[in-house]
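A.B. asks: Dumping the structure here so I can ask a few things about it.
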Ligand SMILES: Cc1ncc(C[n+]2csc(CCOP(=O)(O)OP(=O)(O)O)c2C)c(N)n1
Ligand SMILES: [Mg+2]
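Chains as they are written, first to last, in the working numbering: chain A, 1 to 326; chain B, 327 to 657.
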């Protein structure tokens, strides 16, 4: 085992995969000479040169579409969005071109590429720079959507995403970049896309989360444990394909579930979980499926309002207590 | 400094240009301090070095004209006559800010002062400004929309979609490209295949002009001509303004992609405020005493601004849920 930050783990995944496969290239704003706006691509320009690590102009629709074309023609591009907020400029290429081509071409050709970058809220960057795109992209057949929490998730899933023959939307989190975790010291450490991970076992209540919200869930589980409530925390890792088996098995055991996400509640990941649990484990429920989400408003700038907006360990703790009727 | 046959060179007008630029400079310096103290958070993009651009342009805009820009917007708001207290209080996230603390540095608006933001998404303000111009034309109010964007933004596709519509439909929009040499850490020659941004309208039949953005009188002159053209012809025009930002892209950028010599050269030899002050003394017979009222005004204004931005309370928790939709019966 070794210890890496999430940032280093992502970098290592790209480094190893670019060595492994000459057709993998990285492009995006400030990825090369600046070493990444958040330093995720540190050193990759020096390692692979300007042919494979490419600084783009600010032209998201253009370079996302260009990435799709390069993928059609044999390359495996990693397109970095400086943040996923800017992927909205490019969403047509992601959904209409990348996601649907395999189907529209009757399986002849697809789009093996990765769209990656920080997703969700950073600190105090307000409405236009703080949004979770998990449910937006998870909505679309043809895309795979992954959201790592730990450094192991980050490395194992990014390697899987680069190797995957389908377009993968890879949702990172700026606040988690600096967090350190242990992970296996192994060049072939790859995690399967589509499998959730039980971070903590428990019998009283299931808590599902992804990305930074896993941290809130684990903290809440600590608080609950002090009161004798054993929470099972599931790190979803992959939102599409969605590992319903793991979630449903847990609910059948605990009979209660709280879903946590930073995104808006309406038609969010929690709404999908509620629907699936309702369809497939209704008889096992002892309490309504409950959601902890970002508030149903644009992200405010003011420090106090931002805190009120975001999910937190405290909010998860309260929701878990409520479904336990404690 | 460039001289003009038509524009006013009254002492008071010249002093006002100086005062406006000084206010911007001091405002930004204090914003930087408050950021360091943790009173401002998130992204904060300072305008230091670029003051002559917006000062020269806004000096000749007419009251019915509208203004829109990106996130490097504090000085544009001051130039539109917005109260520095309200701007700074928005930066500190307080209820006395122009957006009640909900928008922050990058997202601020004043309907009263015809300032339409403050936009965080690079390039997005360009079609919006073009649409504002459509409304000016429709309402026949003789207004022009002054649409500001950066050299980096000039590569977004929607800029060219806008150029086409603006020319096709004869829209009164002045596109102002603030070319400060860098798009975050990327120098112009690394992000643009051609560097003459004022010529980017050629394929659309949109005329362009290049002006030295470190010279407030040159900017004022060029802006006056450009606004006349747009207003008289009901057609778009491009003004490329060459300028320079002294600070990093935002507070978190150490700006290692350029040399200290380059920055120092601008600061010592081309600073828009220093140069203008020198020109006023050498060419317009100003004495140190003549600047005193402006400098005193700025000092007092900044003092009150800082006090207000720190004493204005945070928004009430209930504000989290207001303004998502127009309240029933409000309009
Ligand atoms: C669509 C979009 N992509 C990327 C960003 C991140 N970003 C913010 S400012 C900036 C550079 C813009 O440079 P320029 O247009 O030259 O303006 P300047 O900052 O120099 O004033 C970038 C890449 C963004 N805000 N929006
Ligand atoms: Mg620039």
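From the three backbone atoms N, C-alpha and C, an ideal C-beta is built for every residue, glycine too.
Can you grab the Cα-Cα spacing for the pair residue 34 of chain A / residue 581 of chain B, in whole Å?
C.D. replies: Locating residue 34 of chain A in the first chain gives position 34, counting from the first residue. Locating residue 581 of chain B in the second chain gives position 255, counting from the first residue. Each residue's alpha carbon lies about 9 Å from the other.
A.B. asks: Taking 9 Å as the threshold (C-beta atoms), are residue 211 of chain A and residue 119 of chain A in contact?
C.D. replies: To locate residue 119 of chain A, count along the first chain from 1; it is residue 119. To locate residue 211 of chain A, count along the first chain from 1; it is residue 211. Against a cut-off of 9 Å, the Cβ pair of residue 211 of chain A and residue 119 of chain A comes out as a contact.
A.B. asks: Exposed or buried, residue 226 of chain A, counting other C-beta atoms within 10 Å across all chains shown (16 or more means buried)?
C.D. replies: The sequence position of residue 226 of chain A within the first chain is 226, counting from 1. Residue 226 of chain A is exposed by the Cβ-count criterion.
A.B. asks: Let's see if you can read the secondary structure: which residues bound the alpha helix (DSSP H) around residue 269 of chain A?
C.D. replies: As a position in the first chain, residue 269 of chain A is number 269, starting the count at 1. Counting along the chain, the alpha helix (DSSP H) containing residue 269 of chain A begins and ends at 269-281.
A.B. asks: Any heavy atom of ligand 2 closer than 8 Å to the CB of residue 506 of chain B?
C.D. replies: Walking along the second chain from the start, residue 506 of chain B turns up at place 180. True, at least one ligand heavy atom lies under 8 Å from that Cβ.
A.B. asks: Since residue 171 of chain A sits in a beta bridge, which residues does DSSP pair it with?
C.D. replies: Walking along the first chain from the start, residue 171 of chain A turns up at place 171. Looking at the DSSP output, residue 171 of chain A bridges to A:117.
A.B. asks: Quick check for students: name the residue ranges of the beta strand (DSSP E) that lie wholly in the stretch 195-255 of chain A, counting only runs of 3 or more.
C.D. replies: 197-200, 205-209, 231-235 and 238-240
A.B. asks: Return the CA-CA distance between residue 270 of chain A and residue 170 of chain A, expressed in angstroms with no decimal places.
C.D. replies: Walking along the first chain from the start, residue 270 of chain A turns up at place 270. Walking along the first chain from the start, residue 170 of chain A turns up at place 170. If you take the alpha carbons of residue 270 of chain A and residue 170 of chain A, they lie about 19 Å apart.
A.B. asks: Contact defined as beta carbons within less than 8 Å: I believe residue 515 of chain B pairs with residue 569 of chain B. What is the distance between those atoms, to the nearest angstrom?
C.D. replies: Sequence index remark: in the second chain, residue 515 of chain B carries index 189 (1-based). Sequence index remark: in the second chain, residue 569 of chain B carries index 243 (1-based). Actually they do not touch by this definition, with Cβ atoms about 17 Å apart.
A.B. asks: Within 10 angstroms of its Cβ, does residue 499 of chain B collect 16 or more other Cβ (buried), or is it exposed?
C.D. replies: Translated into positions along the second chain, residue 499 of chain B becomes position 173. The residue in question, residue 499 of chain B, is buried, as its Cβ has 16 or more Cβ neighbours within 10 Å.
A.B. asks: List, in order along the chain, the chain A residues whose C-beta lies closer than 9 Å to that of residue 641 of chain B?
C.D. replies: Translated into the one-based positions of the second chain, residue 641 of chain B becomes position 315. Those within 9 Å of residue 641 of chain B in chain A are 300, 302, 304 and 305.
A.B. asks: Please name the residues in the stretch 107-139 of chain A whose beta-carbon is closer than 7 Å to at least one beta-carbon of chain B, in chain order.
C.D. replies: 123, 124, 125, 126, 127, 128 and 129
A.B. asks: Closer than 8 Å is the cut-off here; do at least three beta carbon pairs connect the stretch 154-167 of chain A with the stretch 109-119 of chain A?
C.D. replies: yes
A.B. asks: Answer with yes or no whether the minimum CB distance from residue 88 of chain A to chain B is below 9 Å.
C.D. replies: Stepping through the first chain from its first residue, residue 88 of chain A is reached at position 88. It does: the Cβ of residue 88 of chain A has a partner Cβ on chain B nearer than 9 Å.
A.B. asks: Tell me the residue span of the beta strand (DSSP E) that contains residue 393 of chain B.
C.D. replies: Here residue 393 of chain B is taken as the residue at index 67 of the second chain, counted from 1. That run of the beta strand (DSSP E) goes 392-394.
A.B. asks: I'd like to confirm the pairing. Which residues does DSSP put opposite residue 183 of chain A in its beta bridges?
C.D. replies: Mapped onto the first chain, residue 183 of chain A falls at position 183. DSSP, once it has assigned bridges, lists A:2 as partnering residue 183 of chain A.
A.B. asks: For the stretch 51-65 of chain A, which residues have a beta carbon sitting closer than 9 Å to at least one beta carbon of chain B?
C.D. replies: Result list: 55, 56, 57, 58, 59, 60, 61 and 62.
A.B. asks: When the Cα atoms are used, what is the spatial distance from residue 304 of chain A to residue 521 of chain B?
C.D. replies: Taking the first chain and counting its residues from 1, one reaches residue 304 of chain A at position 304. Taking the second chain and counting its residues from 1, one reaches residue 521 of chain B at position 195. Each residue's Cα considered, the two are about 44 Å apart.
A.B. asks: Based on DSSP bridge pairs, tell me the residues matched to residue 361 of chain B.
C.D. replies: Residue numbering aside, residue 361 of chain B sits at position 35 when the second chain is read from its first letter. In DSSP, residue 361 of chain B forms no bridge with anything.
A.B. asks: Within the same chain, show all residues whose beta-carbon is closer than 6 Å to that of residue 93 of chain A, passing over the 5 residues directly before and after it, in chain order.
C.D. replies: What you label residue 93 of chain A is simply residue 93 of the first chain in a count that begins at 1. Cβ neighbours of residue 93 of chain A beyond the five flanking positions: 64, 65 and 68.
A.B. asks: Look at residue 28 of chain A and residue 132 of chain A and say whether their C-beta atoms are less than 9 Å apart.
C.D. replies: Here the question's residue 28 of chain A lines up with position 28 in the first chain. Here the question's residue 132 of chain A lines up with position 132 in the first chain. No, these two residues do not count as a Cβ contact at 9 Å.
A.B. asks: Among B:614, B:437, B:438 and B:443, which residue has its Cα nearest to the Cα of residue 430 of chain B?
C.D. replies: Indexing the second chain from 1 puts residue 430 of chain B at position 104. The residue with the shortest Cα to Cα distance from residue 430 of chain B is B:443.
A.B. asks: Using beta carbons (cut-off 9 Å, strictly below), is residue 605 of chain B in contact with chain A?
C.D. replies: In the second chain, counting from the first residue as 1, residue 605 of chain B sits at position 279. Output row for residue 605 of chain B: interface = no.
A.B. asks: Do residue 419 of chain B and residue 640 of chain B have their C-beta atoms closer together than 9 Å?
C.D. replies: Reading the second chain from its first residue, position 93 is the one you call residue 419 of chain B. Reading the second chain from its first residue, position 314 is the one you call residue 640 of chain B. Result yes, Cβ atoms of residue 419 of chain B and residue 640 of chain B sit closer than 9 Å.
A.B. asks: Along chain B, in chain order, which residues have C-beta atoms closer than 9 Å to that of residue 308 of chain A?
C.D. replies: In the first chain, residue 308 of chain A corresponds to position 308, counting from 1. The contacting residues are 643 and 646.
A.B. asks: Please look up how many angstroms separate the CB atoms of residue 453 of chain B and residue 416 of chain B, rounded, as I've assumed it's under 8 Å.
C.D. replies: Mapped onto the second chain, residue 453 of chain B falls at position 127. Mapped onto the second chain, residue 416 of chain B falls at position 90. Not a contact, Cβ separation roughly 25 Å.
A.B. asks: For a test of the three-state rule: what should DSSP assign to residue 537 of chain B, helix, strand or coil?
C.D. replies: By 1-based counting over the second chain, the position of residue 537 of chain B is 211. In this structure, residue 537 of chain B counts as strand in the three-state DSSP scheme.
A.B. asks: What in chain B is Cβ-close to residue 260 of chain A, meaning under 9 Å?
C.D. replies: Reading the first chain from its first residue, position 260 is the one you call residue 260 of chain A. Under the 9 Å cutoff, chain B gives no residues; its nearest Cβ is about 19 Å from residue 260 of chain A.
A.B. asks: Figure out for me which residue from A:82, A:219, A:297 and A:188 has the closest Cα to the Cα of residue 173 of chain A.
C.D. replies: By 1-based counting over the first chain, the position of residue 173 of chain A is 173. Ranking A:82, A:219, A:297 and A:188 by Cα distance to residue 173 of chain A puts A:82 first.
A.B. asks: Would you identify the three-state DSSP class for residue 55 of chain A, choosing helix, strand or coil?
C.D. replies: On the first chain, position 55 is the one that residue 55 of chain A refers to. Residue 55 of chain A falls in the strand class under three-state DSSP.
A.B. asks: What residues from the stretch 583-596 of chain B come within 9 Å of chain D, judged by C-beta to C-beta, listed N to C?
C.D. replies: Of the protein chains in the structure, A and B, none is chain D.
A.B. asks: Closer than 8 Å by beta-carbon distance: list the chain B residues that pair up with residue 295 of chain A, in chain order.
C.D. replies: The sequence position of residue 295 of chain A within the first chain is 295, counting from 1. Going along chain B in sequence order, the residues near residue 295 of chain A (Cβ under 8 Å) are 646 and 647.
A.B. asks: Around the Cβ of residue 471 of chain B, are there at least 16 other Cβ atoms within 10 angstroms (buried) or fewer (exposed)?
C.D. replies: The count along the second chain starts at 1 and reaches residue 471 of chain B at position 145. Only buried fits residue 471 of chain B, as 16 or more other CB atoms lie within 10 angstroms of its CB.
A.B. asks: Under 9 Å, Cβ to Cβ, is there at least one residue of chain A near residue 481 of chain B?
C.D. replies: Position 155 of the second chain, counted from the first residue, corresponds to residue 481 of chain B. So, interface residue.
A.B. asks: Please confirm whether any heavy atom of ligand 1 lies closer than 8 Å to the CB of residue 571 of chain B.
C.D. replies: Counted from its first residue, the second chain places residue 571 of chain B at position 245. Yes - ligand 1 has a heavy atom lying nearer than 8 Å to the Cβ of residue 571 of chain B.
A.B. asks: Does any CB atom of chain A fall closer than 9 Å to the CB of residue 634 of chain B?
C.D. replies: Sequence index remark: in the second chain, residue 634 of chain B carries index 308 (1-based). Closer than 9 Å: no.
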